[in-house]
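Participant:
Printed below as a string of structure tokens:
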């Protein structure tokens, strides 16, 4: 980094870069709503009489949805530091805050982890000894798919994500106070390692928590598939935060239509990337025509899931790809926000498509349980975001590239 320039400390301009005083109260309200909704979901799930199978899948969908936004936030932050990006400085704090919610998600993972450690097979069939004994393939995979090693890996994944989330946000906030340019240099040097850690932990976590729902199936590209959805999720969330905060009178002079334009371009790119990875996985399995691999798509080619698959192709790829192609759309906040909401809904549909068909006829899929889990976990996630956001500025005040970001304009 050569000849950095920065401004240190708050100014009349940056005074509008903080949440209003009622944000903390709103956060506590969100936390209360989240607890009530999850209690309702658990009560309804128990009443379904399917051994908690339906509740656990609905909860896994919800947890993966909100965790993917936080993981995407860590990825976005690390990429911006690695590439020494200047345009993104004023929006980067939004991603840092998303990544900082990881401690909340770590606690919320316990309802998924504890049943596995106690030997419950409501989610994962490989937990049941009789299922392993009846399958040579599961016996072959048992050194990896066993409850002890599963729990140990989960602790490692979550610990790495919590550490990275705290590291990025706390370091950035401390720079707001001391103006130390050395922090930016340290982030630039550390972030390539952070990307490697994120790539490894996210890949293996997607194997453990989603792919092992059908343990006889495997795909080496599955981790990239999950990552592509997380990238779409964080960009959509950042767009909605940026548009919503500006509508509330916050960050109006920090995040402009130029930043919207670049976020829209990235959202378009990762939407296409998601489609490319999804097609690549399907094509290789279709071409290979190996029974152990094709059964995964057979489960998703008939009944409701056949229509769901078609809806994902159209709704997650074709329509948003066409809708986000125009420069006009990416420079109109409300239009861009519409597509951000659309793609978040499609991201949920994608996760449901990955998780629910593994249940077969053994689980009850109830819309009230699904909604209560989704909004319950989401309310607690938002409470965590508001907690961190209410303690700091919503843009890095002393980052040496902040002036560049504030002057940023797209050339095309």
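Numbering (the numbering used here), first residue to last: 100 to 511. C-beta atoms are modelled at their ideal positions from N, C-alpha and C, and glycine is treated no differently.
Tell me where the alpha helix (DSSP H) around residue 316 begins and ends.
Facilitator: Numbered from its first residue, the chain shown carries residue 316 at position 217. Premise fails: residue 316 is in no alpha helix (DSSP H) and is neither H nor E.
Participant: Which residues in the same chain have their Cβ closer than 6 Å to the Cβ of residue 398, if we skip the five residues on either side of it in sequence?
Facilitator: Working through the chain shown from its first residue, we reach residue 398 at position 299. Cβ within range, chain order: 456.
Participant: What span of residues does the alpha helix (DSSP H) with residue 408 cover, start to end?
Facilitator: Position 309 of the chain shown holds residue 408. Looking at the DSSP string, the run of the alpha helix (DSSP H) that includes residue 408 is 403-411.
Participant: Check the C-beta distance from residue 137 over to residue 470 and give it rounded, since I have them as a contact under 8 Å.
Facilitator: Numbered from its first residue, the chain shown carries residue 137 at position 38. Numbered from its first residue, the chain shown carries residue 470 at position 371. That belief does not hold up - the Cβ atoms of residue 137 and residue 470 are roughly 12 Å apart, past 8 Å.
Participant: Applying the 10 Å Cβ sphere with the 16-neighbour rule, what's the burial state of residue 325?
Facilitator: Taking the chain shown and counting its residues from 1, the one referred to as residue 325 is at position 226. So residue 325 ends up on the buried side.
Participant: Determine the direct distance from the alpha carbon of residue 217 to that of residue 57, and round the result to whole angstroms.
Facilitator: Look at the range of the chain in this structure, 100 to 511, and you will see that residue 57 is not part of it.
Participant: Do residue 279 and residue 495 count as a contact pair if the criterion is CB distance below 8 Å?
Facilitator: On the chain shown, position 396 is the one that residue 495 refers to. On the chain shown, position 180 is the one that residue 279 refers to. For residue 495 and residue 279, no; Cβs fall outside 8 Å.
Participant: Excluding the 5 residues flanking residue 349 on each side, which residues of the same chain have their C-beta closer than 8 Å to its C-beta?
Facilitator: For the purposes of this step, residue 349 is taken as the residue at position 250 of the chain shown. The answer, listed in chain order, is 115, 116, 117, 118, 119 and 493.
Participant: Following the continuous alpha helix (DSSP H) through residue 446, name the residue where it begins and the one where it ends.
Facilitator: Mapped onto the chain shown, residue 446 falls at position 347. Taken as a continuous stretch (DSSP letters only), the alpha helix (DSSP H) holding residue 446 covers 432-454.
Participant: Quick check on residue 378: buried or exposed, where buried means 16 or more other Cβ atoms within 10 Å of its Cβ?
Facilitator: As a working mapping, residue 378 is identified with position 279 in the chain shown. Exposed, since its Cβ has fewer than 16 Cβ neighbours within 10 Å.
Participant: Would you tell me roughly how many angstroms separate the C-alpha atoms of residue 268 and residue 199, rounded to the nearest one?
Facilitator: Taking the chain shown and counting its residues from 1, the one referred to as residue 268 is at position 169. Taking the chain shown and counting its residues from 1, the one referred to as residue 199 is at position 100. Roughly 7 Å separates the two Cα atoms.
Participant: Going by C-alpha distance, which of 203, 227 and 265 is nearest residue 518?
Facilitator: For residue 518 there is no data in the structure shown, the boundaries of the chain being 100 and 511.
Participant: Using only the alpha-carbon positions, how far apart do residue 507 and residue 360 sit?
Facilitator: Along the chain shown, one-based indexing puts residue 507 at 408. Along the chain shown, one-based indexing puts residue 360 at 261. If I take the Cα positions, the gap works out to 11 Å.
Participant: Among the residues of its own chain, which have a CB less than 8 Å from the CB of residue 246, if the five just before and after it don't count?
Facilitator: If you number the chain shown from 1, residue 246 lands on position 147. Cβ within range, chain order: 215, 216, 218 and 226.
Participant: For residue 142, report the span of its alpha helix (DSSP H) as first-last.
Facilitator: Taking the first residue of the chain shown as 1, we reach residue 142 at position 43. Taken as a continuous stretch (DSSP letters only), the alpha helix (DSSP H) holding residue 142 covers 122-146.
Participant: Cα separation between residue 126 and residue 466?
Facilitator: For the purposes of this step, residue 126 is taken as residue 27 along the chain shown, with counting starting at 1. For the purposes of this step, residue 466 is taken as residue 367 along the chain shown, with counting starting at 1. Whole-angstrom Cα-Cα distance: 26 Å.
Participant: Please give me, in chain order, every unbroken run of the alpha helix (DSSP H) with length at least 4 that falls completely inside the stretch 164-202.
Facilitator: For the stretch 164-202, whole alpha helix (DSSP H) runs of length 4 or above, ordered along the chain, are 188-198.
Participant: Can you tell which of 503, 502 and 483 has its C-alpha closest to the C-alpha of residue 123?
Facilitator: Numbered from its first residue, the chain shown carries residue 123 at position 24. Checked all of 503, 502 and 483; the closest Cα to residue 123 is 483.
Participant: Can you tell which of 391, 396 and 502 has its C-alpha closest to the C-alpha of residue 234?
Facilitator: Locating residue 234 in the chain shown gives position 135, where the first residue counts as 1. The option with the nearest alpha carbon to residue 234 is 391.
Participant: When DSSP labels each residue in this structure, what does residue 491 get in the three-state scheme?
Facilitator: The residue you call residue 491 lines up with position 392 of the chain shown. In this structure, residue 491 counts as coil in the three-state DSSP scheme.
Participant: How long is the line joining the alpha carbons of residue 242 and residue 305, rounded to whole angstroms?
Facilitator: Working through the chain shown from its first residue, we reach residue 242 at position 143. Working through the chain shown from its first residue, we reach residue 305 at position 206. Taking the straight line from one Cα to the other gives about 18 Å.
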